[in-house]
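S.K.:
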DNA sequence: TTAGTATTCAATTATTTTGTTGAATAGTTG
DNA sequence: CAACTATTCAACAAAATAATTGAATACTAA
């Protein structure tokens, strides 16, 4: 009797974790925080709901220990609490991208809307970098790069790319990445570069995927 | 505009997956199905709610593509749809066992209630099996063993153990496993064996954990 | 075809969740 | 200390969820 009760409590606690990301806005919050720390106000703007609502969502995430807070001056900064959260989200995405026809359809629509053609994965990048000279560029906003980036990547935020083309070599293949499969910045960068006769290609994996891969190998 | 809308739809679909396991009963269903296929009626008994409710929960899981069905005679058999579901659940548990104080407390209560003392992990098992002679026994019900088991494990369901002690050697270390960290059968087996002067120890990982580990290595 | 049975559907009720607005709070900074 | 401000709390309405019971369905098997 007390046995089943204990068991039920454990399932209850476990489902509290998944409950925390069972809401689209909270899932989006976690995804945004995976890239970089943010204040409540910033997050509220990004997910387009009121500050009070955002705060409530963040508290759900916090009570499930998925995010943590730190004060900085007047602001409270939210961040992902642990890399195991990244793994959790990554496995949800894996399942979603693989099994849910609706998501596959959405991603294909997204790609064709944006004229996203060829792309490589992290594994492809490693393989190619052994055979040819590659320049890896991170086209996310500079703050996100500073908060963490793939080894050997150079920061060239998308909005600076046009002005900084002279920094880039025509002899190397340029690989651009941003926030992952659903981010359009790297594709835009590649389109610009290709129109200027650079050898450029998009990588669909981002910093988070690289970080998780690093850990696997240790 | 259509960009954010697409993004929102993706988060909505992703959260549908986590929503599916954001309920204790459904989490338990997935956990039960991780061991073995079941009919609706069997599942209903195991989670102690009505058949109609169980059916409805199963349909939520099915629409999120976490489980799938197959007819067998009069019965409809539910099973986990894909190993990526096991990975998802495993990452939820990892996060839960690591970060949620409440779960840690519950597990410790559980262990002390059951007098569960020493236990080893799969990694420990591999290491020890190179140094000494080990007999690995699977004490789950025979059906679960038949549905899948750790390589080289011998099936001795807990309720048969007493009668089959003569099959077991006193020279080897006996390692018993069942369904994982929250399953008490292996602990009971070890207690019985130790009282009969066997060298016995419990392994906290189960078949699911082993299966996921196998895949990692390929 | 008919009887039988496992499962699903429908309708209902109690409970929980989401998002809003406006007030309260806590902590910083001058 | 006092003013300021980012964040959280409280109260509410609308919507969604979980579980039950009883009826309907879909399939099997004789």
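Protein chains in written order, with our numbering: chain S, 2 to 219; chain G, 2 to 219. Where is the CB? At the ideal position from N, CA and C, for every residue including glycine.
List the DSSP bridge partners of residue 71(S).
M.R.: In the DSSP output, where bridge partners are listed per residue, residue 71(S) has 78(S).
S.K.: Unbroken alpha helix (DSSP H) runs of length 4 or more, entirely within the stretch 42-69 of chain S: which are they?
M.R.: For the stretch 42-69 of chain S, whole alpha helix (DSSP H) runs of length 4 or above, ordered along the chain, are 52-64.
S.K.: Check whether the Cβ atoms of residue 205(S) and residue 91(S) lie closer than 8 Å to each other.
M.R.: No, Cβ-Cβ distance for residue 205(S) and residue 91(S) is not below 8 Å.
S.K.: Helix, strand or coil, according to DSSP, for residue 153(S) in the structure here?
M.R.: Correct three-state label for residue 153(S): coil.
S.K.: Using a Cβ-Cβ cut-off of 7 Å (strictly less than) and excluding sequence neighbours within five positions of residue 35(G), which residues of its own chain qualify?
M.R.: Closer than 7 Å at Cβ, skipping near neighbours: 81, 87, 90, 209.
S.K.: Hey, how far is the Cα of residue 125(S) from the Cα of residue 109(S)?
M.R.: Those two C-alpha atoms are separated by around 21 Å.
S.K.: Under a three-way DSSP split, which group does residue 136(S) fall into?
M.R.: Residue 136(S) falls in the strand class under three-state DSSP.
S.K.: I think residue 97(S) touches residue 217(G), with their Cβ atoms under 8 Å apart; what is that distance to the nearest whole Å?
M.R.: Contact doesn't hold; Cβ gap of about 21 Å is too wide.
S.K.: Compute the Euclidean distance between the alpha carbons of residue 61(S) and residue 21(S), then round it to the nearest angstrom.
M.R.: Rounded to whole angstroms, residue 61(S) to residue 21(S) spans 6 Å at the Cα level.
S.K.: For residue 177(S), does the count of other Cβ atoms within 10 angstroms reach 16, so buried, or fall short, so exposed?
M.R.: Buried is the call here.
S.K.: Near residue 17(S), what residues of its chain come up, given a Cβ to Cβ distance below 6 Å and the 5 sequence neighbours on each side ignored?
M.R.: Answer for residue 17(S): 65, listed in chain order.
S.K.: Residue 197(G) by DSSP, collapsed to three states: which one?
M.R.: Coil at residue 197(G), not helix or strand.
S.K.: Report the neighbours of residue 141(S) on chain G: residues whose CB is nearer than 7 Å to its CB, in chain order.
M.R.: Residues of chain G passing the Cβ test: none, with the nearest at roughly 16 Å.
S.K.: Could you tell me the alpha carbon to alpha carbon distance between residue 69(S) and residue 106(G), rounded to whole angstroms?
M.R.: One C-alpha to the other measures close to 21 Å.
S.K.: Confirm the yes/no value for this check: CB of residue 87(S), any heavy atom of the ligand FMN, distance under 7 Å.
M.R.: Among the components modelled here there is no ligand, and therefore nothing to report on the ligand FMN.
S.K.: Between residue 196(S) and chain G, is the shortest Cβ-Cβ distance under 8 Å, so that the two count as touching?
M.R.: It does not; no Cβ of chain G falls within 8 Å.
S.K.: By how many angstroms is the C-alpha of residue 142(G) removed from the C-alpha of residue 187(G)?
M.R.: C-alpha separation (whole angstroms): 12 Å.
S.K.: Buried or exposed: where does residue 52(S) fall if 16 or more other Cβ atoms within 10 Å of its Cβ makes it buried?
M.R.: Classification of residue 52(S): exposed, given that the 10 Å Cβ count is below 16.
S.K.: If you follow the beta strand (DSSP E) that residue 175(S) is in, where does it begin and where does it stop?
M.R.: Unbroken beta strand (DSSP E) run through residue 175(S): 174-178.
S.K.: In terms of residues, what are the limits of the alpha helix (DSSP H) holding residue 19(S)?
M.R.: Where residue 19(S) is concerned, the enclosing alpha helix (DSSP H) stretches over 3-21.
S.K.: Taking all protein chains shown into account, do 16 or more other C-beta atoms lie within 10 angstroms of the C-beta of residue 6(S), making it buried, or fewer, making it exposed?
M.R.: Looking at its Cβ environment, which holds fewer than 16 other Cβ atoms inside 10 Å, residue 6(S) is exposed.
S.K.: Could you confirm whether any beta carbon from chain G is found closer than 8 Å to the beta carbon of residue 220(S)?
M.R.: What the structure shows of chain S is the stretch from 2 to 219, and residue 220(S) is not part of that stretch, so it cannot be assessed.
S.K.: Cutting at 8 Å between CB atoms, please list the residues of its own chain near residue 4(S), excluding the five before and the five after it.
M.R.: Low confidence applies here, because residue 4(S) scores a pLDDT of 41, under 50, leaving its location unreliable; read the following figure in that light. Answer for residue 4(S): no residue qualifies.
S.K.: Helix, strand or coil: which one does DSSP assign to residue 141(G)?
M.R.: Residue state, collapsed to three classes: coil.
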